[in-house]
Amino acid sequence: MDEEYKPIITDEERATRRAQRAEARRKKQREKRRRLLRRLVPCGLLAVLCVGLVTVGAQLIEKPAPEMVKAERPFQVTSVASAPAPEPYARAVSGPDTIQLGEDFPSRCAVLVDLDTRTVLAEKNADTVISPASMTKVLTVLVAAEHITEAELDDTFTMTIDITDYCYVNGCSVVGLMVDETVPVRELFYGTILSSGAEAALGLATYVAGSQEAFVALMNEKLEELGIADTAHFTNCVGLYDEAHKCTVSDMAVILEAAMDNDLCREVLGARTYETLPTADHPEGQILSNWFLRRIEDKDTGGIEVTGAKTGYVVESGNCAASCGETADGRRYICVTADAYSSWRAIYDHVALYKTCCSPADDTTEDGGAADPLVEPVAPTIKDTTEHESGASQGRSAFFRSKASVFQIRYQGDIELPDVEAGNVLPIQIHHIPV
14 MDEEYKPIIT DEERATRRAQ RAEARRKKQR EKRRRLLRRL VPCGLLAVLC VGLVTVGAQL
74 IEKPAPEMVK AERPFQVTSV ASAPAPEPYA RAVSGPDTIQ LGEDFPSRCA VLVDLDTRTV
134 LAEKNADTVI SPASMTKVLT VLVAAEHITE AELDDTFTMT IDITDYCYVN GCSVVGLMVD
194 ETVPVRELFY GTILSSGAEA ALGLATYVAG SQEAFVALMN EKLEELGIAD TAHFTNCVGL
254 YDEAHKCTVS DMAVILEAAM DNDLCREVLG ARTYETLPTA DHPEGQILSN WFLRRIEDKD
314 TGGIEVTGAK TGYVVESGNC AASCGETADG RRYICVTADA YSSWRAIYDH VALYKTCCSP
374 ADDTTEDGGA ADPLVEPVAP TIKDTTEHES GASQGRSAFF RSKASVFQIR YQGDIELPDV
434 EAGNVLPIQI HHIPV
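Written out as structure tokens, the structure is:
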């Protein structure tokens, strides 16, 4: 285990593979340009023919009387020219009705946005710069989706040792793709979001731009386009911590809004599970899961359906989450939180914000008093050896909090933790820690 890691292929073989991939990309780009040209030439010829017919027809028609000219003007042309351009994405605005969340709200940073009115319903340190962790991958799939056609989703990508080495060295969460494993580009999107797979994100970056560095340049161009580049700047496509890799929760709300407006991204971010195609390395395929969506779907959000989400975790910004909620009548909200003490805490913070600020009905307790969803519920806190959203680690500890004590349960392997009070959990090597 202490020996220096040595790649299984030589530098010459690696250089040859890179050259082959570069040539394949150039060939694909040439073919794409030819396809585009074949589409544009007939359209151009048709446009020229139409213009000619209109010109000849105009000459054959008797010149209308002056009073008729005004009545027969092509108003549709004027209407198109004067139509206002669509409003660019921008940060939502706080107002006097915005709830200022206090220190009793567990997440250190939070923002809840009403997309219909573009106002901030609730916030806490919304403009504080954070490390976005794996929420970064929301922008990764958005940029990739804008540079890939529908037909190219069925293209394939072969995983490289450079990508797997990068993930191993940096301790990234992964889907589990192996060197030389070939998968459809479409599956890279789902692996990036549902499994928070760094190798899938790097595969998208390489497929689209040839390298992570070139792809990150496209990501920062997108931040400029979204109007948030004054505080948002990314240095990688997977969410690794870097002092220059940063944004605010308000910035992430803008990014998620743009992603949910993209058909492909909305489909991927809203998928609870996804089954991949069989490969030689995974003959039965894999079932990928978005654990945030699966864990929040049975919580009382006050009638708000969570239609898309991505989580993240790095030590510097704790547990983060970005989600989109929608009412039955189509009203949409964006919620982003950062620096919660556990992945479950992030879920309950989103539940509390949706129920408190977005629920169409007032909530009361059983005795008729006002309910307070911001009061911390009893929920398990997971401490994993990998990113919380990866869904795969060993040697876990689960902490269950009650009013008087914290119970710690140690276990091995992958199990679904119960969302119940400690008293209803079967004790397995329980360590009782008074508080």
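So for the sequence shown, our numbering puts the first residue at 14; every next one is plus one. For each residue, glycine too, the CB sits at the ideal point set by N, CA and C.
Sequence-distant residues of the same chain with beta carbon closer than 8 Å to residue 172, five excluded per side:
The residues 190, 191, 192, 193, 194, 195, 196, 212 and 216, in chain order, have a CB closer than 8 Å to that of residue 172 in the same chain once the five nearest residues on each side in sequence are set aside.
Considering only their Cβ atoms, is the gap separating residue 323 from residue 364 smaller than 8 Å?
no
With a threshold of 16 other CB atoms inside 10 Å of the CB of residue 262, please say whether the residue is buried or exposed.
buried
Hey, is the stretch 120–137 in contact with the stretch 261–281, meaning 3+ C-beta pairs nearer than 8 Å?
Cβ pair count under 8 Å is three or more, so yes.
Given 8 Å, three or more beta-carbon pairs between the stretch 343–356 and the stretch 289–300
no
Helix, strand or coil, according to DSSP, for residue 254 in the structure here?
coil
Suppose the cutoff is 8 Å on Cβ atoms and the five residues either side in sequence are ignored; what does the same chain contact list for residue 372 look like?
314, 315, 316 and 317
Just to confirm, does residue 228 get its C-beta within under 7 Å of one of the non-hydrogen atoms of the ligand GTP?
Of ligands this structure carries none, so the ligand GTP is not represented either.
Express the C-alpha separation of residue 199 and residue 330 in angstroms, rounding to a whole number.
30 Å
Residue 273 versus residue 25: straight-line alpha-carbon distance, rounded:
43 Å
Short Cβ contact (8 Å threshold) for residue 153 with residue 250:
yes
Could you tell me how far apart the beta carbons of residue 369 and residue 359 are, in whole angstroms, since I believe they sit closer than 8 Å?
The pair is not a contact, with the Cβ atoms about 16 Å apart (cut-off 8 Å).
Sub-8 Å separation of residue 252 and residue 325 beta-carbons:
yes
Please list the segments of the alpha helix (DSSP H) lying wholly inside the stretch 107–179, counting only runs of 4 or more residues, in order along the chain.
149–159
Quick one: grab the DSSP three-state call for residue 197.
strand
Need the endpoints of the beta strand (DSSP E) that residue 319 sits in, please.
318–327
Residue 56 versus residue 258 - alpha carbon distance
44 Å
Can you have a look at residue 42 and say buried or exposed, based on whether 16 or more other CB atoms are within 10 angstroms of its CB?
exposed
Please state whether the Cβ-Cβ distance between residue 279 and residue 302 is less than 8 Å.
no
Return the CA-CA distance between residue 114 and residue 104, expressed in angstroms with no decimal places.
18 Å
Please check if any C-beta of chain D sits within less than 8 Å of the C-beta of residue 168.
Considering every chain present, this structure includes no chain D. It has just one protein chain.
How long is the line joining the alpha carbons of residue 174 and residue 181, rounded to whole angstroms?
10 Å
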